[in-house]
Every structure is written in structure tokens, then in C-alpha cells.
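K.L.:
Numbering (the numbering used here), first residue to last: 11 to 240.
Submitted below is the structure of interest, expressed as C-alpha cells.
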Amino acid sequence: MALITAVTGSVLVAPAQASAATGPAAGEPLVVLMDNHVARTGPGTRFRRIESVAARRPLTHVRTVLPALSYARSRGGTHWVRVGLPGRPSGHKGWIRASRTRRTSTDWRLALDISARRVTVYHYGRVERRYRAVVGKPSTPTPRGHFFIEEAVALSPLAAGGPFALATSARSAVLQEFAGGPGQIAIHGVQNLSGALGTAVSHGCVRLSNRAITWLAGRIGRGVSLTVTR
11 MALITAVTGS VLVAPAQASA ATGPAAGEPL VVLMDNHVAR TGPGTRFRRI ESVAARRPLT
71 HVRTVLPALS YARSRGGTHW VRVGLPGRPS GHKGWIRASR TRRTSTDWRL ALDISARRVT
131 VYHYGRVERR YRAVVGKPST PTPRGHFFIE EAVALSPLAA GGPFALATSA RSAVLQEFAG
191 GPGQIAIHGV QNLSGALGTA VSHGCVRLSN RAITWLAGRI GRGVSLTVTR
């Protein structure tokens, strides 16, 4: 599988939780969508609609889990939550009603250093694992920014990139479509693929050893943040 602010005025805004860039904190807040939602540019129906957010993911049909960035109450008293959103543009954010969501959290976080071609796995704010990675080649680079894991997909023994893929909220800035998909960036294995770990030869996805992606697939859930830096 390849490529699969505070608002001022009439609202009160509180951060969901702060986390250090070099030492991600434990218990990062998430919300589980219990129904379809509409994302807006601010916490209230008077703000511009950005997009609809489905309650379930398209590949595995599990419930959508989003990073919760801050909470607010609108002029009419409705509670809203600012969340990370999947899809284009990569890393975009919006406000959804807090109703019909369920709060949860994660103690995991992922970071990719493109120059070092290394994925670092944090657990409870401490480094748990480091893995060498294949990253995007210059013509189809791996996007940089703040993203999250949308869903984990088990792939067949015949599929390229197996045995597992972690589909992320990032999308390729070059490929609007790839192999029938929306140019979605995934972290996946090296099954049936060429290219040595530590190189830049992919279409934008991040490849790890099959052993590494299997370990991650058993631990990294929906909503876990992924920070990609140069």
C-alpha cells in the first residue's frame, strides 16, 4: 500500500494539552467521533464550513479518532473542540461540535526525521524505539508537518508494502492520485518492494522493516500524532 490559534471575541478557548517538541508528553488528548461531523474555521455555526468528517474511516470502517487541540464554548453555550483533520491540505485543522464525540488519550507519538531517515517512537514521553526508514525521493518527497494516524491496515502476503500499513492524515503534495487512491501517505513495510532502508526512493510513503511495522501495528492506534521534520 503506497500513498494511501486561539479564537478571540465571543468564545472561550482552552488548550487541550501542551507537549514539548523534543519530549512529547504522555496522555495526548484525542476525540472519537460517534457520528458524522462538520468542521468549521471557528467554534460556532457562524464560522465558515471547511468539510464533512465521516465517523468511520474509509479502508477499515473503524471509528474516526482525531487529535484534540483545544476546546471552546460558543456564544450560545455550545461546546466545540479544535481537531486535526485528515486529507488535503495536509495538516489542516478545524472545529467540530464536542457533542457526539468521546474523549480519550494516547501515550504514544511518532516522529520522522527526513534527513536522518529515522522514525522515533515515543511512549509516555520517552524514546521507546528508533527505526531506519525509506523516505520519499526528491521528485515525490514525504510531506513535512504535523499529522496523525488514521487507521492501521493488515495487507496480504502478495501486497506491496506489507505486512501492515499505518495510513496517515498526510497527502502527497505531488501526486493527487496514486494506484487508485488519494495520494495518502502511509508508514508501511518493505514486503515485495526494492530499496534499502536509509534511502530516499519512495513515492512519499515511509517504509520500515517488516519487523518494525509489525511491532508498530500492534501498538500505534488511531489518532497518534506524527511529526515530520527535515
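Here a beta-carbon is modelled for each residue, glycine too, at the ideal position from N, C-alpha and C.
#1: Within this structure, are the beta carbons of Ala65 and Thr74 separated by less than 7 Å?
#2: Counting C-beta neighbours from all protein chains within 10 Å, is the total for Ala206 16 or more, i.e. buried, or is it exposed?
#3: Between Phe57 and Arg85, what straight-line distance do the alpha-carbon atoms span, to the nearest angstrom?
#4: Quickly, what does DSSP pair Ala177 with across the bridge? List them, please.
#5: When DSSP labels each residue in this structure, what does Thr150 get in the three-state scheme?
#6: First and last residue of the alpha helix (DSSP H) that includes Arg221?
#7: Measure the alpha-carbon distance for Thr114 versus Val42 and round it to whole angstroms.
#8: So, with DSSP's three-state summary, where would you put Ser115?
#9: Taking the alpha-carbon positions, what's the Val238 to Phe158 distance?
#10: Decide if the stretch 168 to 180 is in contact with the stretch 220 to 238; the criterion is three or more beta carbon pairs, one per stretch, under 8 Å apart.
#11: Let's test the definition: count the other Cβ atoms within 10 Å of the Cβ of Gly87 and tell me whether it reaches 16, buried, or not, exposed.
#12: Report yes if the CB atom of Ile60 is closer than 7 Å to the CB atom of Ala78, and no otherwise.
#13: Can you tell which of Leu218, Arg240 and Thr130 has the C-alpha that lies nearest to the C-alpha of Asn202?
#14: Three-state secondary structure (DSSP) at Pro39?
#15: Candidates His47, His71 and Gly52: which alpha carbon is nearest Thr111's?
#16: When DSSP labels each residue in this structure, what does Ser235 get in the three-state scheme?
#17: At the level of alpha carbons, what is the spacing between Pro99 and Pro167?
#18: Do Val93 and Ala108 have their C-beta atoms closer together than 7 Å?
#19: From Leu165, His133 and Val129, pick the residue whose C-alpha is nearest to that of Ala143; which is it?
#20: Taking the beta carbon of Pro25 as the centre, do at least 16 other beta carbons fall within 10 Å, making it buried, or is it exposed?
#21: To the nearest angstrom, how far is it from the Cα of Asp117 to the Cα of Arg136?
#22: Can you tell which of Thr51, Arg119, Thr152 and Thr209 has the C-alpha that lies nearest to the C-alpha of Pro39?
#23: Just verifying my parser: in three-state terms, what is the DSSP assignment at Arg67?
#24: Using the Cβ count rule (16 or more neighbours within 10 Å means buried), how would you classify Ser179?
P.N.:
Reading off the structure:
#1: Looking up residue 65 in the sequence shown gives position 55. Looking up residue 74 in the sequence shown gives position 64. Yes, they are a contact pair.
#2: Here residue 206 refers to the residue found at position 196 when the sequence shown is read from its first residue. So Ala206 counts as exposed.
#3: Within the sequence shown, the letter at position 47 stands for residue 57. Within the sequence shown, the letter at position 75 stands for residue 85. Cα-Cα distance, rounded: 12 Å.
#4: Position 167 of the sequence shown, counted from the start, is the residue given in the question as residue 177. BP columns for Ala177 point to Glu161 and Ala196.
#5: Stepping through the sequence shown from its first residue, residue 150 is reached at position 140. Thr150: coil per DSSP, three-state reduction.
#6: On the sequence shown, residue 221 is found 211 positions in, with the first residue counted as 1. Asn220 to Ala227 is the span of the alpha helix (DSSP H), which, as asked, contains Arg221.
#7: Taking the sequence shown and counting its residues from 1, one reaches residue 114 at position 104. Taking the sequence shown and counting its residues from 1, one reaches residue 42 at position 32. Within the model, the alpha-carbon separation for Thr114 versus Val42 is close to 7 Å.
#8: Position 105 of the sequence shown, counted from the first residue, corresponds to residue 115. Three-state DSSP puts Ser115 in a strand.
#9: Along the sequence shown, one-based indexing puts residue 238 at 228. Along the sequence shown, one-based indexing puts residue 158 at 148. Val238 and Phe158 have their C-alpha atoms some 10 Å from each other.
#10: yes
#11: The count along the sequence shown starts at 1 and reaches residue 87 at position 77. Under this definition Gly87 is an exposed residue.
#12: Indexing the sequence shown from 1 puts residue 60 at position 50. Indexing the sequence shown from 1 puts residue 78 at position 68. No, they are not a contact pair.
#13: Stepping through the sequence shown from its first residue, residue 202 is reached at position 192. Checking every option, the nearest Cα to that of Asn202 belongs to Leu218.
#14: Within the sequence shown, residue 39 is the residue found at index 29, counting from 1. In the structure shown, Pro39 sits in a strand (DSSP, three-state: E or B).
#15: For the purposes of this step, residue 111 is identified with residue 101 of the sequence shown, where counting begins at 1. The residue with the shortest Cα to Cα distance from Thr111 is His47.
#16: Numbered from its first residue, the sequence shown carries residue 235 at position 225. Strand, per DSSP.
#17: For the purposes of this step, residue 99 is taken as residue 89 along the sequence shown, with counting starting at 1. For the purposes of this step, residue 167 is taken as residue 157 along the sequence shown, with counting starting at 1. For Pro99 and Pro167, the distance between alpha carbons rounds to 32 Å.
#18: The sequence position of residue 93 within the sequence shown is 83, counting from 1. The sequence position of residue 108 within the sequence shown is 98, counting from 1. No, they are not a contact pair.
#19: The residue labelled residue 143 in the question sits at position 133 within the sequence shown. Ranking Leu165, His133 and Val129 by Cα distance to Ala143 puts Val129 first.
#20: Within the sequence shown, residue 25 is the residue found at index 15, counting from 1. Per-residue confidence for Pro25 stands at a pLDDT of 44, beneath the threshold of 50, marking its modelled position as unreliable; no derived number is given.
#21: Residue numbering aside, residue 117 sits at position 107 when the sequence shown is read from its first letter. Residue numbering aside, residue 136 sits at position 126 when the sequence shown is read from its first letter. Rounded to the nearest angstrom, the two C-alpha atoms are 10 Å apart.
#22: Here residue 39 corresponds to residue number 29 of the sequence shown, with the count starting at 1. Across the set Thr51, Arg119, Thr152 and Thr209, the C-alpha of Arg119 shows the shortest separation from the C-alpha of Pro39.
#23: Residue 67 sits at position 57 when you count from the first residue of the sequence shown. Residue state, collapsed to three classes: coil.
#24: Translated into the one-based positions of the sequence shown, residue 179 becomes position 169. Looking at its Cβ environment, which holds 16 or more other Cβ atoms inside 10 Å, Ser179 is buried.
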